[in-house]
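Going letter by letter, the sequence shown gives residues 1273 to 1432 in this note's numbering. We treat Cβ as the ideally placed atom computed from N, Cα and C, and that holds for glycine. Computed from a predicted model, the values in this text were never measured in an experiment. What follows is a single structure, written as structure tokens, with notes after it.
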Amino acid sequence: MAALMQTLPAAGQGVDEAPADMAVLLTHAFELGDWIKDSTYAAEYIFWKEQVGKNAEAQELTRQFAKAKEKFAECERFGRFHPDYNAALDEVYAIQARLDSIESVRRFKEAESSLDQLLYDITRTIADAVSETVKVSGNESSGKGCGSGGSCSCGSGGCG
1273 MAALMQTLPA AGQGVDEAPA DMAVLLTHAF ELGDWIKDST YAAEYIFWKE
1323 QVGKNAEAQE LTRQFAKAKE KFAECERFGR FHPDYNAALD EVYAIQARLD
1373 SIESVRRFKE AESSLDQLLY DITRTIADAV SETVKVSGNE SSGKGCGSGG
1423 SCSCGSGGCG
């Protein structure tokens, strides 16, 4: 238990020395995690992820999408001047558009974005409670289209 009691590094710099009870902090963190897991945001994310997993068309398009991304990555190694670069990129966009036309995929991406925003807002709130200058990783996955980092974009492994 003594290992869980630590003095904050800033305490040595003239700030009141108050031990940080890591056990209490971790307990609260796990409680917050449980609240998030029990939220509507998480429930919708899990529901739509399962729906995508059950959708045969989405699974087939996801496989096609992965192959198209591999082909594009190969072209991208040589840059825009590769003879197949534009065709490979067009194929990625075409398959992504077909994926996005499937309701379960579209709803999954919306649920994923909402959950991501919730997690970002919580992280930002905690960081701001410590200091407004604390850096927090950005919420970059809110972008649309290829390369946005979402589960179905070409910046990831595909849906599901």
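How would you label residue i, buried or exposed, when you count the other beta carbons within 10 angstroms and need 16 or more for buried?
{"i": "R1384", "result": "Per the sequence shown, residue 1384 should be read as Glu rather than Arg. Buried is the call here."}
{"i": "T1334", "result": "buried"}
{"i": "V1324", "result": "buried"}
{"i": "F1302", "result": "exposed"}
{"i": "I1367", "result": "buried"}
Per DSSP, what kind of secondary structure is residue i in: helix, strand or coil?
{"i": "D1356", "result": "coil"}
{"i": "G1422", "result": "In this prediction, G1422 has a pLDDT of 44, which is less than 50 and means its spatial position is unreliable; nothing more can be read from the coordinates."}
{"i": "D1310", "result": "coil"}
{"i": "F1302", "result": "helix"}
{"i": "F1337", "result": "helix"}
{"i": "K1321", "result": "helix"}
{"i": "S1403", "result": "coil"}
{"i": "V1255", "result": "Here the chain comprises residues numbered 1273 to 1432, so residue 1255 is not present and cannot be evaluated."}
{"i": "R1349", "result": "coil"}
Identify which residue in the options has its Cα closest to the Cα of residue i.
{"i": "W1320", "options": "D1356, Q1368, L1387 and C1347", "result": "L1387"}
{"i": "A1369", "options": "D1306, A1330 and R1396", "result": "A1330"}
{"i": "K1326", "options": "K1407, F1380 and T1299", "result": "F1380"}
{"i": "E1322", "options": "T1299, V1377 and F1353", "result": "V1377"}
{"i": "L1361", "options": "E1375, K1343, L1371 and D1372", "result": "K1343"}
{"i": "K1341", "options": "S1373, A1315 and Y1365", "result": "Y1365"}
List the residues that DSSP assigns as beta-bridge partners of residue i.
{"i": "D1372", "result": "Its beta-bridge partners do not exist; DSSP assigns none."}
If residue i sits next to residue j, beta carbons under 8 Å apart, how far is it from one beta carbon to the other, in whole angstroms?
{"i": "N1411", "j": "Q1389", "result": "6 Å"}
{"i": "F1337", "j": "L1371", "result": "6 Å"}
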